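Residue numbers (our numbering): 9 to 188.
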């Protein structure tokens with residue numbers, strides 16, 4: 009049986025042996041850290057976390073060592089990040105949804121060629137980016153309970169109008185003639 013812990017723990021299976029090894033980061037020192045998202049891209053494991061007292065928000069594992077990306081991301085934003093709940097990949101670039109819910113900011117950042125950059129940042133919204141996916145070469149994500157799209161080719165962000173508008177084939181019932 010796996011031990012119960014007050015912080016997230018990652019285990020790696022030893023191929024063909026039926027045994028598991030704890031590969032959790034020793035950087036996860038607070039008991040408030042919780043798993044936000046976990047993805048594997050190009051052989052690297054990306055682990056986003058959140059929680060009160062969290063300082064190790066985004067880590068990557070290359071099968072031998074952990075790298076903490078939190079400070080590098082925070083340096084690109086107006087506030088230190090406290091959570092990473094969403095991760096996506098396009099053309100070997102990593103996109104993450106991060107936030108500082110105590111100071112009311114959220115952002116999307118991009119990791120390309122070993123360098124972090126800010127894609128878009130919002131302040132005063134109380135928002136958290138909760139889900140993110142690569143679809144058709146663009147980033148679709150949920151912010152403020154709205155489906156949004158980041159157009160990677162044009163570096164443009166906005167609401168996904170296709171998912172929010174009423175299909176023109178729908179008829180408003182209140183406007184139907186009484187003879188219908």
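Just so you know, even glycine gets a beta-carbon here, dropped at the ideal spot from N, CA and C.
Quantities reported herein were computed from a predicted structural model and do not represent experimental measurements.
Evaluate residue 10 with the Cβ neighbour count: other Cβ atoms within 10 Å of its Cβ, from every protein chain shown; 16 or more gives buried, anything less gives exposed. Taking the chain shown and counting its residues from 1, the one referred to as residue 10 is at position 2. Interpretation of residue 10 is limited by its pLDDT of 47, a score under 50 that renders its predicted location unreliable; no figure is taken from the coordinates.
In this structure, how does DSSP classify residue 68 when only helix, strand and coil are distinguished? Translated into positions along the chain shown, residue 68 becomes position 60. It is a strand residue.
Below 8 Å, how does it come out for the segment 115-128 and the segment 81-88: are there three or more Cβ pairs, yes or no? yes
For the candidate residues 126, 133, 138 and 136, whose alpha-carbon lies nearest to that of residue 164? Taking the chain shown and counting its residues from 1, the one referred to as residue 164 is at position 156. Minimum Cα distance to residue 164 is reached at 126.
Inspect the beta-carbon positions of residue 77 and residue 68 and report whether they are closer than 8 Å. For this step, residue 77 is matched to residue 69 along the chain shown. For this step, residue 68 is matched to residue 60 along the chain shown. Their beta carbons are under 8 Å apart, which means residue 77 touches residue 68 by this criterion.
Spatially closest choice to residue 66 from 100, 81, 56 and 159, by CA coordinates: Looking up residue 66 in the chain shown gives position 58. That would be 56, whose Cα lies nearest to the Cα of residue 66.
Out of 32, 113 and 123, which has the shortest C-alpha to C-alpha gap to residue 151? Position 143 of the chain shown, counted from the first residue, corresponds to residue 151. Taking only the C-alpha atoms, the option nearest residue 151 is 113.
Can you tell which of 21, 98 and 110 has its C-alpha closest to the C-alpha of residue 32? Mapped onto the chain shown, residue 32 falls at position 24. With distances taken between Cα atoms, residue 32 lies closest to 21.
Is DSSP giving residue 137 helix, strand or coil here? For the purposes of this step, residue 137 is identified with residue 129 of the chain shown, where counting begins at 1. In the structure shown, residue 137 sits in a strand (DSSP, three-state: E or B).
Can you tell me whether DSSP reads residue 89 as helix, strand or coil? Sequence index remark: in the chain shown, residue 89 carries index 81 (1-based). Three-state result, residue 89: coil.
Write down the C-beta distance between residue 103 and residue 136 rounded to the nearest angstrom, noting that I regard them as a contact closer than 8 Å. As a working mapping, residue 103 is identified with position 95 in the chain shown. As a working mapping, residue 136 is identified with position 128 in the chain shown. 15 Å between Cβ atoms; not a contact.
Roughly how many angstroms lie between the CA atoms of residue 23 and residue 154, to the nearest whole one? The count along the chain shown starts at 1 and reaches residue 23 at position 15. The count along the chain shown starts at 1 and reaches residue 154 at position 146. Residue 23 and residue 154: Cα-Cα distance of roughly 42 Å.
Beta-carbon spacing of residue 142, residue 97 below 8 Å: One-based indexing of the chain shown puts residue 142 at position 134. One-based indexing of the chain shown puts residue 97 at position 89. A contact, by the Cβ cut-off of 8 Å.
Boundaries (first-last residue) of the alpha helix (DSSP H) holding residue 78: Residue 78 sits at position 70 when you count from the first residue of the chain shown. Taken as a continuous stretch (DSSP letters only), the alpha helix (DSSP H) holding residue 78 covers 78-82.
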